[in-house]
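There are 2 protein chains.
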Amino acid sequence: MADTKPAISFIGLGAMGFGMATNLVKEGYPVTGFDVYGPTLDRFTAAGGLAATTPASAVEGKAVCVCMVATAQQAQSVLLDSEHAALPSLPQGAVLLLCSTVPCAYVQSLERQLAERGRADVHLVDCPVSGGAIRAADGTLSIMAGASDAAIDKGRAVLQAMSDPAKLYIVKGGVGAGSNMKMCHQVLAANQILSASEALGFADHLGLDLRSAGEALVKSDGWSWMLENRLPRLLHPEFKPIASALTIILKDTSIITSEARRAGFATPMTSTAEQVYFSGLGRGYGPDDDASLVRLYTEGKGKVGPVQGTASTDDEKLKLVIDLLRGIHLCSAAETIAFGQHVGLDLDQVFELCINAAGGSRILSTVGPSFLKAFVEGKAQGGWAAESGSGEATLQSIASELEAAVNEAQSLKLPLFLGSQALNLIRLGLKSAGAESSKQAIGSVVRVWATS
Amino acid sequence: MADTKPAISFIGLGAMGFGMATNLVKEGYPVTGFDVYGPTLDRFTAAGGLAATTPASAVEGKAVCVCMVATAQQAQSVLLDSEHAALPSLPQGAVLLLCSTVPCAYVQSLERQLAERGRADVHLVDCPVSGGAIRAADGTLSIMAGASDAAIDKGRAVLQAMSDPAKLYIVKGGVGAGSNMKMCHQVLAANQILSASEALGFADHLGLDLRSAGEALVKSDGWSWMLENRLPRLLHPEFKPIASALTIILKDTSIITSEARRAGFATPMTSTAEQVYFSGLGRGYGPDDDASLVRLYTEGKGKVGPVQGTASTDDEKLKLVIDLLRGIHLCSAAETIAFGQHVGLDLDQVFELCINAAGGSRILSTVGPSFLKAFVEGKAQGGWAAESGSGEATLQSIASELEAAVNEAQSLKLPLFLGSQALNLIRLGLKSAGAESSKQAIGSVVRVWATS
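In order, the protein sequences belong to chains A and B. According to the working numbering, the stretch in the first sequence is residues 476 to 927, in order. According to the working numbering, the stretch in the second sequence is residues 476 to 927, in order.
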């Protein structure tokens, strides 16, 4: 049945694109690849693909085009603006799967540009992916696809070939909704990559053994997918192997904060993370693995003293680090859910996607339903649900525990960029409740972000 | 009439204390000094003072004791806890002027400890000072004094001898109120010391000539007392002379954020500044002048490219830097005023003190009255005044201009810790106003902080 599969053009054969394209070859698709870097094309033909020397010649006669370049600027160039751009050669009624992570604003402008150039016939699918190079090559990516029903139908077989069956999310809202979903997920990624460094740096100043502390944190309520994933590199003396460079997550934070500005939405957590990432970039850490940002937290240890913390036992110290992570993850989850609501996403789908992806955290799993309830009940009652369920931790208790961590770090004189931000945001969430704050449900912290 | 002046003991002859004590000598007071550092005592006797070898012997028989040590811990030690502590030797009914900058919590605990030790007879005055070593030696400091009426009466002559006649503020609220007033002022100081570095770092990445940019900024709406004061050191290749070390402002941020935690109050601006200060400390910049923090912003310039900003002319670039400063100073002013309200200070007095001191900024002078109005009218109406006066800039316009600066910095890949924080806070302030935000008065941004 391989001969019933349509010919595909594939533009952008980088770390992710190469794996995705060769997987499609294995699945029996005739795939014609294009990349600006010649040696990659040789590797691709060796893997059974066909090579094209321009975007235009790649797409000619192919009913499906997958575009997996690194940025919106590159997409604009290869699809529309460069000398041998793809669009004029794209067949009538073709499907264009834009898998690059781009701002919602860009993919929506691309849809408009297609119409303005008389190519409304092109079935554009906004379908960023997540999962890394290995899952790309295995055809088990997470994919978040927003498009017209017709475009989804035409693109579905190829989307399925590239994704894990349980992780192909058709996102309601058309072109732009896929990018918005990815963006909201990356709010978690951006904060939790940095929280892993912040936690290990704090543990280091506390004098904990980092290896055993790391193992304990991964089993604790401070768990995040990112912490577990970055831990081996955090513990490596040179933060090796380089699996995800600082510059990669900076592309995402740039999309998040620029889209937030466009939407008039506040992203205090991600903006904080972004400034720290820029600091790392200024230090020359751009090409290094993002786990190496722990260096921004460990420097000065033993040199800014005398310093004197209050925690004496390892258990007390570990609890401070766990409470730091819980507080940060609570606020990054709140920022994610509130941003999703602001851009009109289905919050149940945001939650389901995030807990099963690289943005997952123990706190998100436990508190996420309370966030969704806060939105639903808040809307229904014209306010915000403020009663916590019986036995549930209150926002005040989370604040008190985070406060102890921030207090200790102040005594030890190390920065906790995300932790101190989270504490202030929780304080802002608590303040409007006044005397009733002791009864406030954790989920109600989203009121800081949410448009009431 | 010099012989009618009472004998004074003076504990703590550091950079500030030495000037204050020798000024009192010049004013005709018999002053007995104590300091842990012997050579200082020799200098003090050479300047006409008397020297004591313990706090106890210094205060013996003196109706007035001035304490000007560096921290609350030192005050506790010299006054109460050390082997030859002052208290047991302090005469009945003596005045104790605590001029050190300490947390409100500490000076109030000192008042309790005096009572617990049966020394409620001591007239404690909580009177931190501001103004630097030169004004200390001239007897023209700003002093913020909180105490009982009786204690103020007894201490007034010495307070007047140390201060500028227009800058002796008797703060309502008793012991603790003076420290709270100083703390609120230092919110401005802490943010505006750093905003000067952030602005110059931004100007550097924009490619502006720093000397002419600095001169233009000082004349602009981005003016702050700190910017003008730090500018020569910001422009000096080695940030010399060292006039105020990073470690000095870190003592103040520590008081601000720890008192905020105690009060359940959010200080998102000062907390951000504090984390950046901790970063500088970790880099080894602790003993350097605080203007040297511009290094945290200038590094990476020319190395993280290719970067491409949007501003092309010097006027456009300068406007971005001014708009950055305006946004930061707006939010640091809001944090100051709201914190003052939270701890029960007279806001008119907070405003008057701050515009005439090192916390002054053009924005505070113009917007401060709108903040005070927002509190008064907000309270009166059970909400927040939202109508801007005719011709006044709106919060939305401030946000848009700050947004352009943050956007440009993102393109140039440098951190704007305070600027991005301020933008998010203004966004939070705008969000509850919804469609009416275009009419929102600038002063209404305080609603983010204020307990409603």
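A virtual CB, placed ideally from N, CA and C, is assigned to each residue, including glycine. As the structure is a computational prediction, the values presented were derived from the model and not from experiment.
Residue i at chain A interface by Cβ criterion, 9 angstroms
i      : result
A741/B : yes
F714/B : no
K794/B : no
L889/B : yes
G802/B : no
S872/B : no
N882/B : yes
Q885/B : yes
T869/B : no
Residue interval of the alpha helix (DSSP H) (run including residue i)
i       : result
F509/B  : Here F509/B belongs to no alpha helix (DSSP H); instead the beta strand (DSSP E) covers V506 to F509.
L669/B  : A652 to L681
K792/B  : D789 to H817
C829/A  : L822 to I830
V751/A  : P743 to G757
K642/B  : No alpha helix (DSSP H) holds K642/B; the beta strand (DSSP E) holding it covers S638 to I645.
L1000/B : In the structure as shown, chain B begins at 476 and stops at 927. Residue 1000/B is therefore absent and cannot be evaluated.
L599/A  : Not the alpha helix (DSSP H): L599/A falls in the beta strand (DSSP E), residues H598 to D601.
Proximal residues of chain B, C-beta to C-beta of residue i below 8 angstroms
i      : result
V923/A : L903
Q750/A : P890, L891, F892 and S895
Q783/A : Residues of chain B passing the Cβ test: none, with the nearest at roughly 11 angstroms.
G931/A : This structure leaves residue 931/A out entirely; chain A is present only between 476 and 927.
Any C-beta of chain B under 9 angstroms from that of residue i
i      : result
F892/A : yes
Q567/A : no
V553/A : no
A861/A : Any answer about A861/A is weak, because its pLDDT of 49 lies below 50 and its placement is not dependable; what the coordinates show is given next. No, A861/A does not count as interfacial toward chain B.
E876/A : no
Q549/A : no
L771/A : yes
V920/A : no
I917/A : no
G489/A : no
G494/A : no
S767/A : no
S729/A : yes
S719/A : no
T732/A : yes
M476/A : Unreliable placement is indicated for M476/A, whose pLDDT of 47 sits below 50; no coordinate value is reported for it.
K906/A : yes
Interface partners of residue i on chain A, CB under 7 angstroms
i      : result
F485/B : Result: empty, since nearest Cβ-Cβ is about 27 angstroms, beyond 7 angstroms.
L756/B : G775, V779 and K888
F753/B : K888, L889 and P890
Within chain A, partners of residue i - CB distance below 9 angstroms
i      : result
G524/B : What G524/B touches in chain A: nothing, since even the nearest Cβ is about 31 angstroms away.
T507/B : Correct list: empty, because the minimum Cβ distance to chain A is about 31 angstroms.
Residues that residue i contacts on chain A, provided the C-beta gap is smaller than 8 angstroms
i      : result
S746/B : S895, Q896, L898 and N899
R736/B : E878, V881, N882 and L898
9 angstroms Cβ cutoff, residue i in contact with chain C
i      : result
N831/B : No chain C appears in the structure shown, which is made up of the protein chains A and B.
Residue i: contacting residues in chain B (beta-carbon distance under 7 angstroms)
i      : result
K726/A : By Cβ distance, chain B contributes nothing, its closest Cβ being about 11 angstroms from K726/A, past 7 angstroms.
G819/A : Within 7 angstroms Cβ-Cβ: nothing; G819/A doesn't reach chain B, min ~16 angstroms.
R587/A : Simply none; closest approach about 22 angstroms.
T546/A : Within 7 angstroms Cβ-Cβ: nothing; T546/A doesn't reach chain B, min ~13 angstroms.
Span of the beta strand (DSSP E), counted from its first residue to its last, around residue i
i      : result
M619/B : L616 to A620
F519/B : Unbroken run through F519/B is the alpha helix (DSSP H), G513 to A521; no beta strand (DSSP E).
V539/B : V539 to C542
Does the pairing of the region 604-614 of chain A with the region 491-501 of chain A give three or more beta-carbon distances under 8 angstroms?
yes
Going residue by residue through the region 689-723 of chain A, where are the continuous beta strand (DSSP E) segments of at least 3 residues, counting only ones entirely within it?
none
Three or more C-beta pairs below 8 angstroms linking the region 892-904 of chain A and the region 774-789 of chain A:
no
Alpha helix (DSSP H) segments (min. 4 residues) lying fully within the region 865-901 of chain A:
Runs of the alpha helix (DSSP H) inside the region 865-901 of chain A: 870-887.
Unbroken stretches of the alpha helix (DSSP H), 4 residues or longer, contained in the region 559-592 of chain A
Runs found: 579-591.
State whether the region 669-686 of chain A contacts the region 621-637 of chain A, with contact taken as three or more CB pairs (one from each stretch) at a distance under 8 angstroms.
no
Do the region 729-736 of chain B and the region 869-878 of chain B touch if we need at least three Cβ pairs shorter than 8 angstroms?
no
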